[in-house]
Every structure is written in structure tokens, then in C-alpha cells.
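Heads up, the thing below is written out as C-alpha cells.
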Amino acid sequence: MSMDDDRELLAPLRDLEPPGASTVSVAQAIRDGRRRKAAFAAAAAVMVALVAVGLGLSQRQQLPTAAGRFDVATAGLLCSPRSQGGRS
Amino acid sequence: MIDYTEYVSARLPALRRVAYLLCGDEHRADDVVQVAITRLYTSWRRARDADDLDAYARAVVVRTFLNEQRRSWARIRLVGRADDLPPAPAAAGPDLETREQLRIALTRVPPRQRAVLVLRFLLDLPVAEVARMLRCSEGTVKSQTSLGLAAVRRQLGAAQ
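One line per chain: the protein sequences are A and B, in this order.
Be aware that the first sequence starts at 1, since it is given in our numbering, and climbs by one per residue.
Be aware that the second sequence starts at 1001, since it is given in our numbering, and climbs by one per residue.
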């Protein structure tokens, strides 16, 4: 079968038009489109908020903590003039 | 700058015809066009900047048709096969009868093959553009064309 035969096969449908009047509404499409855009924007905002909260929580959990107990005696060494590079 | 309402109102008959050729049923065609022009509205900025706005709009209709086909199996079962529907107004003459048989045969071809046949042979689009529109390779378009034509011939043979 050649390309022309194939084209010929479907040729009777070339001038086929929808029989009835259109029920498509451009105004409805605009209303639905606006609603869809608003829903998308809201979903994006919720997503951003969730990511921000998630990042905030993970940052809080990663705050540095002391390795051992705080000891007053050893803490005094840290504050001595020698440790600060001053004269004894 | 082209206005959405102005453009869609002017191109509605052409878009509706594409959908009708794909669906074979005017009510489903109207549903497809309604969804397609809603999608066109949401992506109007991108569509307006496209090289060929008509091709863009047509692609939206074709993809909407294919998506609806994938999703609406329940509705198809409720409505029934296209040939179970009440017959179209009486075909006056052998040409119209042939056309009606062909229309029904086309509705029985799998959706993707039907889309390829409509785009290539009824809208005269080149293989490369059909491939771009359906997001597949040119080889796939050619094989789908061959399978689709065989299916139409089979359906016509069974009908006669």
C-alpha cells in the first residue's frame, strides 16, 4: 500500500464537521483556569511553608551541645588569666 | 499581543473539529475542547510565546484527548461503544454511508493510533510534527500509522 492509498482510505473524513452546535464555553474555561491557578498557588505556598518549618526544626535539632557535664572547677581554668594570655 | 478570549473564540471551530475527528462523538469532543482551552488558559503566557500558537493549541487538544482516554474508562463503559450510540442522521447516499462506516471504524482504532491517523492524513501534518506533538520518535509514529491503517481496514472488512 502506498502513501496515496492510505490517504485515499481516510479521504471521505476530510470534510467531516461536528454535527451539532458547540457547548464549549470560553468564559467557563477562564473561570476554571483562574480557580486552577489559585489552587496551584495555594498548594505551592503550603509546600514552601512546610519546607520552611521542616528546615527550622532540623536546624533546631542540630544546635551544638556540651560533650560532658559542666564542671565549676574546670570552668575556672578556662577563665584564668594564663588561659586568656594575660600575666599571672 | 494576542488576547486569550479573542484567539480561542476565533479558533474554537478548528479545535472542535480536531477533537471531533479524534473522539468521533461531538459531546466527548466538546468535553475535550473545554478541558483543553482551560489548560491553554493556565499556560497562556507560554502558549503566546510559542513559535506556532495554532500548533501549540492543537497539541493541547490531542494530549487532552489521550489523557482523557487513559482516565475515563468508567465513562466509556457507561456510555457504550461508539457504534452502540443512536445512529447519526440518515446517510443520504453511498458517499455519506461510506463516510459513516469509516467514522465508526476509526472510533474502534486504539486512541494513540487514531490520533496519528487523524494528524497525518486528515490534518496533513508531517511525521516530525506528529512525533513532537505526541512526544515520541518518528519511527513510533510510522509504526503506529501502519498499525492504525491495518486496524481501520480490518474494521471496514468486518463491517462489509
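All C-beta atoms in this analysis are idealised placements derived from N, C-alpha and C, irrespective of residue type, glycine included.
Predicted model only: the values in this text are computed from it and were never measured.
Interface flag, residue i vs chain B, CB-CB below 8 Å
i        : result
Val46(A) : no
Pro12(A) : yes
Leu50(A) : no
Leu9(A)  : yes
Arg36(A) : yes
8 Å Cβ cutoff, residue i in contact with chain E
i        : result
Gly54(A) : This model lacks chain E altogether; the protein chains it does include are A and B.
As assigned by DSSP and simplified to three states, the class of residue i
i          : result
Asp1003(B) : coil
Val24(A)   : coil
Leu16(A)   : coil
Contacts of residue i in chain B (Cβ-Cβ under 8 Å)
i       : result
Asp4(A) : Those do not exist, as Asp4(A) stays about 11 Å from chain B at its closest Cβ, beyond 8 Å.
Per-residue burial, residue i [other beta carbons within 10 Å of its own, 16 or more giving buried]
i          : result
Gly1148(B) : buried
Asp1054(B) : exposed
Met1133(B) : buried
Phe40(A)   : exposed
Pro1110(B) : exposed
Glu1068(B) : buried
Proximity test, residue i beta-carbon vs the ligand GTP heavy atom, cut-off 7 Å
i          : result
Arg1114(B) : This structure does not include the ligand GTP; it has no bound ligands of any sort.
Chain A within 8 Å of residue i, Cβ atoms only
i          : result
Phe1065(B) : no
Arg1016(B) : yes
Arg1103(B) : yes
Asp1140(B) : The question names Asp, but residue 1140(B) in the sequence shown is Thr. False, the Cβ-Cβ gap to chain A never drops below 8 Å.
Ala1047(B) : no
7 Å Cβ cut-off: residues of chain A touching residue i
i          : result
Val1033(B) : Val24
Tyr1041(B) : Ala29, Ile30 and Gly33
Chain-ordered chain A contacts of residue i [CB-CB under 8 Å]
i          : result
Val1008(B) : Val26 and Ala29
Ile1037(B) : Val24, Val26 and Ala29
Glu1026(B) : Pro18, Pro19 and Gly20
Thr1107(B) : None at all; the shortest Cβ gap to chain A is about 11 Å.
Interface residues of chain B facing residue i [CB-CB closer than 7 Å]
i        : result
Leu57(A) : What Leu57(A) touches in chain B: nothing, since even the nearest Cβ is about 34 Å away.
| said: Quick check: the segment 36 to 47 of chain A against the segment 1047 to 1054 of chain B, are at least 3 beta-carbon pairs closer than 8 Å? | reply: no
| field | Given 8 Å, three or more beta-carbon pairs between the segment 14 to 30 of chain A and the segment 1026 to 1044 of chain B | value | yes
| task | May I ask you to verify whether the segment 1116 to 1125 of chain B touches the segment 24 to 36 of chain A, counting CB pairs closer than 8 Å and requiring at least 3? | result | no
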